[in-house]
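Trainee: Quick one: the structure is below, questions incoming.
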Amino acid sequence: MGEQRVSKLNDKKSMQGFMKSLLNDTKALKYMLENDWFESDKKRLGAEQEMVLVNKDTLKPETNATELLEIMKDDDWVETELAKFNLETNLTPREIKGNCFSDLHKENMDKLIEIQKNLDTLNTNIVLTGILPTMRKHHLIMDNLTPKKRYFALMQAINEQLIGNSYELKILGIDELIVKHDSPLIEASNTSFQVHLQVAPKDFVHYYNIAQTLAAPCMAIAANSPLVFGKRLWHESRIAMFQQSLDTRSSHEHMRERSPRVSFGMEWLQESIMEIYTEDIARFRPLINSDIEENSLDLVSKGKVPKLRALQVHNSTVYRWNRPCYGISENGKPHLRIENRVLPAGPTVMDEIANTCFWIGAMEGMFAEYEDIRKKLKFVDVRDNFGKAARFGIDSTFTWMNDKKIGACELILTELLPLARKGLKKCNVSKNDIDKYLGVIEDRAKAHTNGARWLLRSYTDLIDKTNQDETLSIITQSIINNQKEDKPIHTWDLAKISDLKEYKPLDMKVEEFMITDLFTVQKDDILDFVKDLIQWKKLTYIPVEDTKGKLIGVITPDSIIQNHDASGNINHSKIISVEDVMDPEPLTISPDATMVDAIKRMRENNSGYLLVVQKHELVGIITEREFLKITSRLIERLYD
């Protein structure tokens, strides 16, 4: 969030005071821009590395980030993130020249190695990935919010903006995710590698529009988050997950437009960075307050550079994928940056630095090549490209200059990589760095492979061999193994069962292995239909629900057998309905229960099934078959 000392806007007075400071900051910024106060002779890059922590045994999120930070309390470069299972490191800003990328690479590796060394004492591993494959919805509960005032303030403020009753995720990929959640903490499922580029104010508009243009191809080649809660969705599902997890809007009968706080933007930037800041203040109410001691207008009148705390706090709660940033350099001069939030974390540091080098190089190359990118592309096409890249990643076909349709890999290989090389040479980046990191992008494009493709292909290859939980665990362990070697993604073999030395599923929750693709009947259905349904779908137990999805009974094998005649056919002397034969008191269990709880309940009741119910609604079923899949894999592992 940047500004640490924040709190919720609790009353009219605090809201009005913050708005006054916010408006003063915009006026102060406008004055500084008009009077050339900004640093303009340096080009710097910086980055923030987000990561997720997992238990070494279960490979599920491990909520011990604050415990680690207590161990590393003297290291101010590692910080908390929104959830207890996330961390972030801030990497040193450096001028874009010489070996800047390999230096950034080394610094990031050194810091991750230092963190991992301390995490080893906590039986925890770092994973660099857009969305952790083993992440489940139940990991994203408020109990896992990092216990800091600013995070509670932000969550509460966003909740108070919610128009409907819940946050809704609706994402369609190979599979489909339709689920509600009770808090915006679901945003914590996303981890990224955020890159900052410092630019001169006079060039900001041109650079920003280029950043918008490059968002799609850069995302396409870097996509790394196709698996969400065990479902195969968008190649870069972070885009949809982030927007929908913070989307406080609700559907209405009218057509009034409301903007989400997470967005790509609606049009080209025209004149100044001020357009973005004023647009965001106009559209989005402040969510949180800050302990603001300065009067930015008074400071400017005295020739002093203000920190613009109110503007920075508000900017931290409006999530543009290319976000403008204001800062103060070590020499005391203010500067402007573009923060690229598109790039996911991982798959390795090598891949992240390659993505960074490609983006910076392409930014510089296009800046030099095109006088005004707005004359070459329509914004509607740039925005459409962004959506395509999020959905289809490296498989995308974009609308490019002169209305040309071109595949992501072809565009990168034939147009953007040559531009990136020119841009980096213009900045006097060393040939070794250019060849090394752009070479990774080139090889990735030629192999038509990125993190998302590797994840999807690995999942498809494994899911027919084992259960879903073990598949996701194997993939996660394979990521960890490859990351430790810092091998670029295009060189990875697909994840294989042997990557995971030991599988420990006993702490699994019911929702992680229950069947959710259900076939149900209603009480007025005839028994003949039930019999056919059993044959068609090879079912053993059939839940009975009402028209609202509320569980009211279950059909068991005994229910059917008792209504067959000697020939094995249903007795047709009268019409038999489901209500006549169902068990009105089925055995149920909560999706939050553990696998051990489920085994115990089935054994105590001598039952071959459990229906999974949440708030009286049927959400899944588990039978002996699901346990057999898991135990058979455990037995097979004993003989591997």
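First residue of the sequence shown: 512, per the numbering used here; consecutive thereafter.
All C-beta atoms in this analysis are idealised placements derived from N, C-alpha and C, irrespective of residue type, glycine included.
1. Just mark residue 646 as buried or exposed, buried being the case when its beta carbon has 16 or more other beta carbons within 10 Å.
2. Measuring alpha carbon to alpha carbon, tell me which of 535, 890 and 995 ends up nearest residue 626.
3. Compare the Cα-Cα distances from residue 958 to each of 905, 1053, 1014 and 779 and report the closest residue.
4. Is it true that the region 1031–1038 meets the region 999–1009, where meeting means three or more beta-carbon pairs spaced less than 8 Å apart?
5. Tell me the start and end of each unbroken alpha helix (DSSP H) in the region 755–817 that is at least 4 residues and wholly inside, in chain order.
6. Keeping to the same chain, check which residues put their C-beta closer than 8 Å to that of residue 810; ignore five residues upstream and five downstream.
7. Helix or strand or just coil, what does DSSP make of residue 970?
8. Which ranges does the beta strand (DSSP E) cover as unbroken runs of at least 3 residues, wholly within the region 520–608, from first to last along the chain?
9. Distance check for residue 1133 and residue 1063, CA to CA, integer angstroms please.
10. Tell me whether residue 987 sits in a helix, a strand or coil according to DSSP, three-state version.
11. In whole angstroms, what is the alpha-carbon distance linking residue 782 and residue 707?
12. Please look up how many angstroms separate the CB atoms of residue 1000 and residue 1042, rounded, as I've assumed it's under 8 Å.
13. Assuming contact is defined by CB atoms lying nearer than 7 Å, are residue 753 and residue 698 in contact in what I supplied?
14. Short of 7 Å in beta carbon distance, which residues of its chain neighbour residue 972, apart from the five on each side in sequence? Order them along the chain.
15. So residue 749 packs on residue 855, CB below 8 Å; how close in whole Å?
16. Indicate the three-state DSSP secondary structure (helix, strand or coil) for residue 826 in the structure shown.
17. Apart from the five residues just before and just after residue 500, which ones in its own chain have a Cβ nearer than 8 Å to its Cβ?
18. Between 837, 665 and 1087, which has its C-alpha nearest residue 537's C-alpha?
19. What are the boundary residues of the beta strand (DSSP E) that includes residue 1044?
20. Residue 822 to residue 541, Cα distance in whole Å?
21. Could you spell out where the beta strand (DSSP E) holding residue 691 opens and where it closes?
22. Hey, would you say residue 715 sits closer than 7 Å to residue 784, going by beta carbons?
23. Taking only the alpha-carbon atoms, compute the straight-line gap between residue 1028 and residue 1095 and give it to the nearest angstrom.
24. Quick one: using the 10 Å Cβ neighbour count with 16 as the cut-off for buried, is residue 807 buried or exposed?
25. With a threshold of 8 Å on Cβ separation, who are the neighbours of residue 778 within its own chain once the five nearest residues in sequence on each side are excluded?
26. Rounded to whole angstroms, what's the CA-CA distance from residue 561 to residue 1143? Just pull it up for me.
Mentor: Walking through what the data contain:
1. buried
2. 995
3. 905
4. no
5. 785–794 and 807–812
6. 539, 816 and 817
7. helix
8. 555–566, 589–591 and 597–606
9. 17 Å
10. helix
11. 21 Å
12. In fact, because the Cβ distance is near 51 Å, the residues do not count as touching under 8 Å.
13. yes
14. 1005
15. 6 Å
16. helix
17. The structure shown does not extend to residue 500, since the chain is modelled only from 512 to 1151, so the question has no answer here.
18. 837
19. Residue 1044 -> not in any beta strand (DSSP E); alpha helix (DSSP H) instead, spanning 1038–1048.
20. 12 Å
21. 687–692
22. yes
23. 22 Å
24. buried
25. 890
26. 37 Å
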